[in-house]
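Letter 74 of the sequence shown, counting from 1, is numbered 76 in this note's numbering, and no numbers are missing.
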Amino acid sequence: MSKMVRNNLINLYLIKFAKWFNLVMPVVVLFYQDNGLSMQQIFLLKSIYSIAMVLMEIPSGYLADVWGRKKTLILGGFLGAAGMAVYSFSYGFWAFAAAEIILGVGYSFISGSDSALLYDTLKAAERDKEYIKQEGWITSAGNFAEAIAGVCGGLLATMSLRLPFYVQFGIASVAIPAALLLKEPRLQSIELNKSFKSTLNTVKETFQHPLLRSALLVSSFAGTASLTFAWFVQPYFKEAQLPVSLFGIMWTLLNLSVGVSSMFSYKIENKLGQRNSLLVIILGFAIGFFLAAWEVSLIGIGLLFFFYLVRGIAHPILKDYINRYTDSEVRASILSIRNFVIRINFAIIGPALGYLTDQFSLSLALIATGTGFLVSALLSMGPLWKANIQRSN
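Written as C-alpha coordinates, this is what we have:
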(Lines of atoms letter the chains of each structure in order from A and count residues from 1; the text may use other names and numbers.)
(Lines give C-alpha, C1' and ligand atoms only; values in the text may rest on other atoms or scores of the structure.)
Protein backbone atom coordinates (compact mmCIF):
# COMPACT_ATOMS: atom_id res chain seq x y z
CA MET A 1 0.00 0.00 0.00
CA SER A 2 1.46 3.37 -1.02
CA LYS A 3 2.24 5.93 1.66
CA MET A 4 -0.40 8.40 0.38
CA VAL A 5 -3.13 5.77 0.27
CA ARG A 6 -2.31 4.57 3.79
CA ASN A 7 -2.16 8.15 5.14
CA ASN A 8 -5.46 9.19 3.57
CA LEU A 9 -7.27 6.04 4.61
CA ILE A 10 -6.24 6.47 8.24
CA ASN A 11 -7.33 10.11 8.32
CA LEU A 12 -10.58 9.46 6.46
CA TYR A 13 -11.35 6.82 9.10
CA LEU A 14 -10.74 9.44 11.79
CA ILE A 15 -13.01 11.94 10.03
CA LYS A 16 -15.71 9.29 9.76
CA PHE A 17 -15.23 8.52 13.48
CA ALA A 18 -15.58 12.21 14.41
CA LYS A 19 -18.76 12.46 12.34
CA TRP A 20 -20.40 9.17 13.32
CA PHE A 21 -19.38 8.65 16.95
CA ASN A 22 -22.57 10.45 17.89
CA LEU A 23 -23.10 10.39 21.64
CA VAL A 24 -26.12 12.69 21.53
CA MET A 25 -28.33 10.89 19.00
CA PRO A 26 -29.81 8.24 21.35
CA VAL A 27 -30.89 10.88 23.89
CA VAL A 28 -31.33 14.01 21.79
CA VAL A 29 -35.14 13.99 21.96
CA LEU A 30 -35.00 13.72 25.75
CA PHE A 31 -32.47 16.59 25.80
CA TYR A 32 -34.75 18.80 23.70
CA GLN A 33 -37.76 18.03 25.88
CA ASP A 34 -35.72 18.70 29.01
CA ASN A 35 -35.05 22.16 27.57
CA GLY A 36 -38.76 22.84 27.03
CA LEU A 37 -39.11 22.03 23.30
CA SER A 38 -42.24 20.48 21.84
CA MET A 39 -42.16 17.72 19.20
CA GLN A 40 -43.17 20.31 16.59
CA GLN A 41 -40.15 22.42 17.49
CA ILE A 42 -37.90 19.35 17.42
CA PHE A 43 -38.95 18.48 13.87
CA LEU A 44 -38.56 22.13 12.92
CA LEU A 45 -34.95 22.02 14.13
CA LYS A 46 -34.32 19.02 11.88
CA SER A 47 -35.87 20.95 8.98
CA ILE A 48 -33.57 23.91 9.67
CA TYR A 49 -30.59 21.55 9.61
CA SER A 50 -31.72 20.08 6.29
CA ILE A 51 -32.27 23.51 4.75
CA ALA A 52 -28.79 24.63 5.82
CA MET A 53 -27.33 21.53 4.18
CA VAL A 54 -29.42 21.96 1.02
CA LEU A 55 -28.35 25.58 0.55
CA MET A 56 -24.65 24.68 0.85
CA GLU A 57 -24.48 21.26 -0.81
CA ILE A 58 -23.76 22.37 -4.39
CA PRO A 59 -21.56 25.39 -3.43
CA SER A 60 -19.56 23.14 -1.09
CA GLY A 61 -19.16 20.54 -3.82
CA TYR A 62 -17.92 23.25 -6.20
CA LEU A 63 -15.41 24.48 -3.61
CA ALA A 64 -14.23 20.92 -3.04
CA ASP A 65 -13.60 20.46 -6.77
CA VAL A 66 -11.82 23.76 -7.44
CA TRP A 67 -10.40 24.73 -4.04
CA GLY A 68 -9.48 21.23 -2.90
CA ARG A 69 -11.17 18.42 -0.98
CA LYS A 70 -8.65 18.69 1.84
CA LYS A 71 -9.46 22.37 2.45
CA THR A 72 -13.22 21.81 2.50
CA LEU A 73 -12.78 18.87 4.89
CA ILE A 74 -10.72 21.10 7.20
CA LEU A 75 -13.45 23.76 7.11
CA GLY A 76 -16.12 21.12 7.74
CA GLY A 77 -14.15 19.85 10.73
CA PHE A 78 -13.94 23.32 12.27
CA LEU A 79 -17.66 23.98 11.74
CA GLY A 80 -18.62 20.59 13.17
CA ALA A 81 -16.70 21.33 16.37
CA ALA A 82 -18.13 24.87 16.52
CA GLY A 83 -21.69 23.59 16.20
CA MET A 84 -21.23 21.20 19.12
CA ALA A 85 -19.67 24.00 21.18
CA VAL A 86 -22.76 26.17 20.60
CA TYR A 87 -25.03 23.26 21.57
CA SER A 88 -23.05 22.62 24.76
CA PHE A 89 -23.81 26.06 26.14
CA SER A 90 -27.31 26.68 24.73
CA TYR A 91 -30.72 26.31 26.37
CA GLY A 92 -33.42 27.52 23.97
CA PHE A 93 -34.89 26.91 20.53
CA TRP A 94 -33.16 29.75 18.68
CA ALA A 95 -29.73 28.94 20.08
CA PHE A 96 -30.27 25.31 19.09
CA ALA A 97 -31.33 26.51 15.64
CA ALA A 98 -28.05 28.44 15.29
CA ALA A 99 -26.14 25.28 16.23
CA GLU A 100 -28.11 23.26 13.67
CA ILE A 101 -27.25 25.77 10.93
CA ILE A 102 -23.54 25.61 11.76
CA LEU A 103 -23.63 21.81 11.87
CA GLY A 104 -25.61 21.60 8.61
CA VAL A 105 -23.16 23.83 6.76
CA GLY A 106 -20.22 21.94 8.27
CA TYR A 107 -21.65 18.59 7.25
CA SER A 108 -22.16 19.82 3.68
CA PHE A 109 -18.44 20.55 3.42
CA ILE A 110 -17.61 16.98 4.48
CA SER A 111 -20.30 15.01 2.65
CA GLY A 112 -19.15 14.24 -0.87
CA SER A 113 -15.64 15.57 -0.29
CA ASP A 114 -14.62 12.54 1.77
CA SER A 115 -15.87 10.02 -0.80
CA ALA A 116 -14.40 12.04 -3.68
CA LEU A 117 -11.00 12.19 -1.98
CA LEU A 118 -11.11 8.47 -1.27
CA TYR A 119 -11.94 7.57 -4.86
CA ASP A 120 -9.29 9.87 -6.35
CA THR A 121 -6.68 8.66 -3.86
CA LEU A 122 -7.27 5.10 -5.05
CA LYS A 123 -7.46 6.19 -8.69
CA ALA A 124 -4.10 8.01 -8.44
CA ALA A 125 -2.61 4.75 -7.16
CA GLU A 126 -4.39 2.80 -9.95
CA ARG A 127 -6.50 1.01 -7.36
CA ASP A 128 -9.92 2.52 -8.07
CA LYS A 129 -11.44 -0.98 -8.40
CA GLU A 130 -11.00 -1.26 -4.64
CA TYR A 131 -13.38 1.66 -4.01
CA ILE A 132 -16.44 -0.37 -2.98
CA LYS A 133 -14.30 -2.38 -0.57
CA GLN A 134 -12.66 0.69 1.02
CA GLU A 135 -15.89 2.73 1.10
CA GLY A 136 -17.62 -0.26 2.65
CA TRP A 137 -14.96 -0.64 5.33
CA ILE A 138 -14.98 3.09 6.14
CA THR A 139 -18.80 3.05 6.26
CA SER A 140 -18.60 -0.02 8.47
CA ALA A 141 -16.17 1.74 10.82
CA GLY A 142 -18.56 4.70 10.99
CA ASN A 143 -21.48 2.48 11.90
CA PHE A 144 -19.44 0.61 14.52
CA ALA A 145 -18.50 4.01 15.98
CA GLU A 146 -22.17 5.07 15.99
CA ALA A 147 -23.13 1.79 17.64
CA ILE A 148 -20.59 2.12 20.44
CA ALA A 149 -21.57 5.78 20.86
CA GLY A 150 -25.15 4.70 21.45
CA VAL A 151 -24.16 2.85 24.61
CA CYS A 152 -21.67 5.50 25.76
CA GLY A 153 -24.12 8.34 25.16
CA GLY A 154 -26.79 6.56 27.18
CA LEU A 155 -24.41 6.06 30.10
CA LEU A 156 -23.27 9.71 30.02
CA ALA A 157 -26.90 10.86 29.92
CA THR A 158 -27.61 9.08 33.19
CA MET A 159 -25.31 11.66 34.82
CA SER A 160 -26.51 14.64 32.79
CA LEU A 161 -28.37 15.06 29.50
CA ARG A 162 -25.91 17.85 28.64
CA LEU A 163 -22.77 15.79 29.30
CA PRO A 164 -22.91 13.94 25.94
CA PHE A 165 -22.73 17.31 24.17
CA TYR A 166 -19.61 18.36 26.09
CA VAL A 167 -17.85 15.12 25.19
CA GLN A 168 -19.15 15.29 21.61
CA PHE A 169 -17.34 18.61 21.14
CA GLY A 170 -14.02 16.89 21.85
CA ILE A 171 -14.84 14.03 19.48
CA ALA A 172 -15.93 16.39 16.68
CA SER A 173 -12.62 18.23 17.05
CA VAL A 174 -10.72 15.07 16.02
CA ALA A 175 -11.72 15.77 12.41
CA ILE A 176 -9.60 18.95 12.32
CA PRO A 177 -6.09 17.44 12.68
CA ALA A 178 -7.18 14.43 10.60
CA ALA A 179 -8.18 16.71 7.70
CA LEU A 180 -4.97 18.73 8.05
CA LEU A 181 -2.93 15.54 7.58
CA LEU A 182 -4.67 14.48 4.34
CA LYS A 183 -2.75 14.50 1.06
CA GLU A 184 -4.48 15.78 -2.08
CA PRO A 185 -4.05 13.40 -5.06
CA ARG A 186 -2.24 15.02 -7.98
CA LEU A 187 -4.93 14.19 -10.52
CA GLN A 188 -7.34 16.44 -8.61
CA SER A 189 -5.08 19.49 -8.52
CA ILE A 190 -6.08 20.79 -11.98
CA GLU A 191 -8.29 23.62 -13.21
CA LEU A 192 -8.43 25.42 -9.87
CA ASN A 193 -9.46 28.65 -11.58
CA LYS A 194 -12.67 27.35 -13.13
CA SER A 195 -15.66 29.60 -12.65
CA PHE A 196 -18.75 28.44 -10.81
CA LYS A 197 -20.75 28.78 -14.05
CA SER A 198 -18.22 26.61 -15.88
CA THR A 199 -18.45 23.98 -13.16
CA LEU A 200 -22.26 24.02 -13.30
CA ASN A 201 -22.11 23.53 -17.07
CA THR A 202 -19.74 20.60 -16.64
CA VAL A 203 -22.04 19.10 -14.01
CA LYS A 204 -25.01 19.60 -16.33
CA GLU A 205 -23.21 17.85 -19.21
CA THR A 206 -22.09 15.05 -16.91
CA PHE A 207 -25.60 14.61 -15.55
CA GLN A 208 -26.89 14.05 -19.08
CA HIS A 209 -25.03 10.72 -19.02
CA PRO A 210 -27.86 8.17 -18.65
CA LEU A 211 -25.91 5.77 -16.43
CA LEU A 212 -24.72 8.53 -14.09
CA ARG A 213 -28.20 10.05 -13.89
CA SER A 214 -29.68 6.66 -13.06
CA ALA A 215 -26.99 5.92 -10.44
CA LEU A 216 -27.43 9.37 -8.86
CA LEU A 217 -31.21 9.10 -8.61
CA VAL A 218 -31.29 5.54 -7.26
CA SER A 219 -28.59 6.40 -4.70
CA SER A 220 -30.45 9.58 -3.69
CA PHE A 221 -33.74 7.74 -3.19
CA ALA A 222 -31.94 5.06 -1.16
CA GLY A 223 -30.31 7.78 0.95
CA THR A 224 -33.69 9.43 1.55
CA ALA A 225 -35.17 6.07 2.57
CA SER A 226 -32.31 5.44 5.03
CA LEU A 227 -32.59 8.90 6.58
CA THR A 228 -36.37 8.63 6.91
CA PHE A 229 -36.21 5.14 8.43
CA ALA A 230 -33.67 6.32 11.01
CA TRP A 231 -36.12 8.96 12.26
CA PHE A 232 -38.86 6.33 12.49
CA VAL A 233 -36.78 4.13 14.81
CA GLN A 234 -37.27 6.03 18.09
CA PRO A 235 -41.07 6.44 17.56
CA TYR A 236 -41.12 2.71 16.71
CA PHE A 237 -39.34 1.88 19.97
CA LYS A 238 -41.79 4.06 21.87
CA GLU A 239 -44.90 2.57 20.23
CA ALA A 240 -43.50 -0.93 20.78
CA GLN A 241 -43.15 -0.01 24.49
CA LEU A 242 -39.43 -0.68 24.61
CA PRO A 243 -38.03 0.55 27.96
CA VAL A 244 -36.14 3.83 27.53
CA SER A 245 -33.12 2.26 29.21
CA LEU A 246 -32.83 -0.10 26.22
CA PHE A 247 -33.06 2.58 23.49
CA GLY A 248 -29.29 3.04 23.36
CA ILE A 249 -28.60 -0.71 23.30
CA MET A 250 -31.02 -1.36 20.44
CA TRP A 251 -29.67 1.65 18.54
CA THR A 252 -26.21 0.16 18.99
CA LEU A 253 -27.23 -3.27 17.71
CA LEU A 254 -28.95 -1.81 14.64
CA ASN A 255 -25.87 0.17 13.68
CA LEU A 256 -23.63 -2.81 14.29
CA SER A 257 -25.68 -4.71 11.73
CA VAL A 258 -25.04 -1.92 9.18
CA GLY A 259 -21.33 -2.08 9.95
CA VAL A 260 -21.18 -5.82 9.44
CA SER A 261 -23.03 -5.85 6.11
CA SER A 262 -21.00 -2.86 4.81
CA MET A 263 -17.83 -4.90 5.22
CA PHE A 264 -19.12 -7.47 2.74
CA SER A 265 -20.82 -5.14 0.23
CA TYR A 266 -17.97 -5.37 -2.30
CA LYS A 267 -18.09 -9.19 -2.23
CA ILE A 268 -21.85 -9.16 -2.77
CA GLU A 269 -21.57 -6.77 -5.73
CA ASN A 270 -18.74 -8.80 -7.26
CA LYS A 271 -20.80 -11.98 -7.04
CA LEU A 272 -24.20 -10.61 -8.12
CA GLY A 273 -23.18 -7.99 -10.70
CA GLN A 274 -24.85 -4.64 -11.24
CA ARG A 275 -28.33 -5.83 -12.21
CA ASN A 276 -28.91 -8.28 -9.38
CA SER A 277 -27.28 -5.97 -6.81
CA LEU A 278 -29.74 -3.24 -7.77
CA LEU A 279 -32.64 -5.65 -7.43
CA VAL A 280 -31.52 -6.80 -3.99
CA ILE A 281 -31.06 -3.20 -2.79
CA ILE A 282 -34.34 -1.78 -4.13
CA LEU A 283 -36.56 -4.69 -3.13
CA GLY A 284 -34.69 -5.05 0.16
CA PHE A 285 -35.33 -1.44 1.18
CA ALA A 286 -39.02 -1.66 0.28
CA ILE A 287 -39.50 -4.99 2.09
CA GLY A 288 -37.72 -3.50 5.12
CA PHE A 289 -40.35 -0.74 5.37
CA PHE A 290 -43.22 -3.19 4.88
CA LEU A 291 -41.88 -5.60 7.52
CA ALA A 292 -41.52 -2.77 10.04
CA ALA A 293 -45.10 -1.65 9.33
CA TRP A 294 -46.45 -5.19 9.62
CA GLU A 295 -45.47 -5.72 13.27
CA VAL A 296 -44.96 -2.75 15.62
CA SER A 297 -44.14 -4.57 18.85
CA LEU A 298 -41.24 -5.72 20.98
CA ILE A 299 -41.01 -8.85 18.83
CA GLY A 300 -41.27 -6.74 15.69
CA ILE A 301 -38.13 -4.81 16.64
CA GLY A 302 -36.20 -7.75 15.25
CA LEU A 303 -37.65 -6.97 11.81
CA LEU A 304 -35.88 -3.60 11.81
CA PHE A 305 -32.57 -5.40 11.39
CA PHE A 306 -33.52 -6.49 7.87
CA PHE A 307 -33.61 -2.88 6.67
CA TYR A 308 -30.33 -2.02 8.38
CA LEU A 309 -28.53 -5.01 6.86
CA VAL A 310 -29.67 -3.99 3.37
CA ARG A 311 -28.67 -0.39 4.11
CA GLY A 312 -25.12 -1.48 4.91
CA ILE A 313 -24.86 -3.31 1.59
CA ALA A 314 -26.48 -0.55 -0.45
CA HIS A 315 -24.60 2.67 0.10
CA PRO A 316 -21.00 1.64 -0.78
CA ILE A 317 -22.29 -0.04 -3.95
CA LEU A 318 -24.48 2.86 -5.05
CA LYS A 319 -21.74 5.42 -4.36
CA ASP A 320 -19.38 3.36 -6.49
CA TYR A 321 -21.85 3.46 -9.39
CA ILE A 322 -21.86 7.27 -9.17
CA ASN A 323 -18.05 7.48 -9.01
CA ARG A 324 -17.68 5.01 -11.86
CA TYR A 325 -19.46 7.34 -14.30
CA THR A 326 -18.15 10.69 -12.97
CA ASP A 327 -15.06 12.67 -14.03
CA SER A 328 -12.63 13.56 -11.25
CA GLU A 329 -12.94 17.32 -11.79
CA VAL A 330 -16.63 17.32 -10.81
CA ARG A 331 -16.73 14.27 -8.52
CA ALA A 332 -17.39 16.20 -5.29
CA SER A 333 -20.01 18.35 -7.03
CA ILE A 334 -21.89 15.28 -8.28
CA LEU A 335 -21.75 13.63 -4.85
CA SER A 336 -23.00 16.89 -3.34
CA ILE A 337 -25.94 16.83 -5.74
CA ARG A 338 -26.75 13.37 -4.36
CA ASN A 339 -26.85 14.75 -0.82
CA PHE A 340 -28.79 17.79 -2.05
CA VAL A 341 -31.50 15.56 -3.52
CA ILE A 342 -31.65 13.47 -0.33
CA ARG A 343 -32.20 16.53 1.86
CA ILE A 344 -34.73 18.10 -0.52
CA ASN A 345 -36.67 14.84 -0.60
CA PHE A 346 -36.61 14.58 3.19
CA ALA A 347 -37.67 18.21 3.65
CA ILE A 348 -40.65 17.59 1.36
CA ILE A 349 -41.85 14.23 2.68
CA GLY A 350 -40.86 14.65 6.35
CA PRO A 351 -43.81 16.87 7.42
CA ALA A 352 -46.25 14.69 5.47
CA LEU A 353 -44.96 11.51 7.10
CA GLY A 354 -45.11 13.20 10.50
CA TYR A 355 -48.75 14.09 9.80
CA LEU A 356 -49.54 10.49 8.81
CA THR A 357 -47.90 9.22 11.99
CA ASP A 358 -49.71 11.69 14.27
CA GLN A 359 -53.13 11.53 12.64
CA PHE A 360 -53.28 7.90 11.52
CA SER A 361 -50.51 5.46 12.47
CA LEU A 362 -46.80 4.76 12.32
CA SER A 363 -47.53 1.69 10.20
CA LEU A 364 -49.28 3.75 7.52
CA ALA A 365 -46.36 6.20 7.38
CA LEU A 366 -43.92 3.30 6.96
CA ILE A 367 -46.01 1.74 4.18
CA ALA A 368 -46.29 5.09 2.38
CA THR A 369 -42.52 5.62 2.54
CA GLY A 370 -41.71 2.11 1.35
CA THR A 371 -44.15 2.37 -1.55
CA GLY A 372 -42.84 5.77 -2.58
CA PHE A 373 -39.24 4.55 -2.54
CA LEU A 374 -40.06 1.39 -4.51
CA VAL A 375 -41.84 3.28 -7.29
CA SER A 376 -39.20 6.04 -7.51
CA ALA A 377 -36.25 3.63 -7.55
CA LEU A 378 -37.79 1.30 -10.13
CA LEU A 379 -38.53 4.23 -12.43
CA SER A 380 -34.92 5.47 -12.11
CA MET A 381 -32.96 2.22 -12.43
CA GLY A 382 -33.48 1.56 -16.17
CA PRO A 383 -30.02 2.44 -17.61
CA LEU A 384 -28.16 0.72 -14.75
CA TRP A 385 -30.32 -2.36 -15.14
CA LYS A 386 -29.61 -2.55 -18.87
CA ALA A 387 -25.84 -2.07 -18.39
CA ASN A 388 -25.52 -5.00 -15.96
CA ILE A 389 -21.75 -4.62 -15.47
CA GLN A 390 -20.18 -7.69 -13.83
CA ARG A 391 -17.04 -6.89 -11.86
CA SER A 392 -14.27 -9.45 -11.72
CA ASN A 393 -11.95 -8.02 -9.05
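Beta carbons are placed, not taken as given, at the ideal position from N, Cα and C, and that holds for glycine.
Please report the distance separating the alpha-carbon of residue i from that of residue j.
i	j	result
tryptophan 387	leucine 280	7 Å
serine 115	serine 162	35 Å
phenylalanine 23	glycine 172	11 Å
glycine 39	phenylalanine 95	Note on residue identity: the sequence assigns leucine, not glycine, to residue 39. Spanning the two alpha carbons is a distance of roughly 7 Å.
isoleucine 304	glycine 286	Per the sequence shown, the amino acid found at residue 304 is glycine instead of isoleucine. Cα-Cα distance, rounded: 15 Å.
alanine 151	leucine 25	5 Å
leucine 293	valine 282	16 Å
alanine 10	leucine 120	Going by the sequence as given, residue 10 is asparagine instead of alanine. Their backbone Cα atoms lie some 7 Å apart in a straight line.
phenylalanine 45	serine 216	31 Å
isoleucine 289	leucine 182	42 Å
glutamine 190	valine 298	Residue confidence for glutamine 190 is low, a pLDDT of 47 falling below 50, so the modelled location carries little weight and cannot support an answer.
methionine 6	isoleucine 270	28 Å
alanine 101	tryptophan 296	37 Å
glutamine 43	serine 92	15 Å
glutamate 59	tyrosine 323	20 Å
alanine 143	proline 353	32 Å
leucine 300	leucine 258	19 Å
tyrosine 89	leucine 124	37 Å
arginine 326	arginine 313	20 Å
glycine 311	phenylalanine 291	The amino acid at residue 311 is misidentified as glycine; the sequence shows leucine. Cα to Cα, leucine 311 sits roughly 13 Å from phenylalanine 291.
leucine 32	glycine 78	27 Å
arginine 71	lysine 135	21 Å
methionine 55	isoleucine 346	9 Å
serine 52	glutamine 276	31 Å
alanine 99	isoleucine 50	7 Å
lysine 73	lysine 18	16 Å
leucine 75	aspartate 122	15 Å
leucine 165	glycine 156	10 Å
Assuming the contact rule is C-beta atoms closer than 8 Å, residue i and residue j should be a hit. Round their C-beta distance to whole Å, please.
i	j	result
glycine 63	leucine 320	Between leucine 320 and glycine 63 the Cβ distance is about 17 Å, and since that is not below 8 Å, they are no contact.
valine 153	alanine 20	In fact, because the Cβ distance is near 18 Å, the residues do not count as touching under 8 Å.
glycine 108	glycine 82	4 Å
alanine 84	isoleucine 104	5 Å
phenylalanine 223	serine 378	5 Å
serine 263	isoleucine 178	Not a contact, Cβ separation roughly 31 Å.
leucine 14	isoleucine 140	6 Å
glutamine 170	methionine 86	5 Å
leucine 229	phenylalanine 307	Not confirmed; about 18 Å, so no contact.
Can you tell me where the alpha helix (DSSP H) with residue i in it begins and where it stops?
i	result
aspartate 329	Taken as a continuous stretch (DSSP letters only), aspartate 329 belongs to no alpha helix (DSSP H), as it is neither H nor E.
serine 263	249-265
alanine 126	115-126
proline 179	177-182
glycine 85	71-90
arginine 187	Here residue 187 is proline; the residue named in the question, arginine, does not match the sequence. Element bounds for proline 187: n/a, residue is neither H nor E.
proline 166	165-174
asparagine 37	No alpha helix (DSSP H) holds asparagine 37; DSSP gives it neither H nor E.
threonine 160	Unbroken run through threonine 160: none, as it is neither H nor E.
lysine 240	212-241
asparagine 10	5-22
tyrosine 109	95-112
isoleucine 369	364-382
With hydrogens ignored, establish whether the beta-carbon of residue i is closer than 8 Å to any heavy atom of the ligand SAM.
i	result
alanine 232	This structure lacks the ligand SAM; in fact it carries no ligand of any kind.
Please report whether the beta-carbon of residue i lies at a distance below 9 Å from any beta-carbon of chain C.
i	result
alanine 174	In the displayed structure, chain C is absent; only one protein chain is listed.
Quiz prompt | Inter-stretch contact at 8 Å, needing at least 3 Cβ pairs: the segment 228-241 / the segment 359-372 | solution = yes
Quiz item: Is the segment 246-253 touching the segment 370-382, taking contact as three or more C-beta pairs under 8 Å?
Solution: no
Quiz item: Taking three-plus beta-carbon pairs below 8 Å as touching, is the segment 54-70 in contact with the segment 338-351?
Solution: yes
Quiz prompt | the segment 66-75 contacting the segment 350-358, beta-carbon criterion three pairs below 8 Å | solution = no
Self-check item: Three CB pairs or more closer than 8 Å across the segment 374-385 and the segment 212-230
Solution: yes
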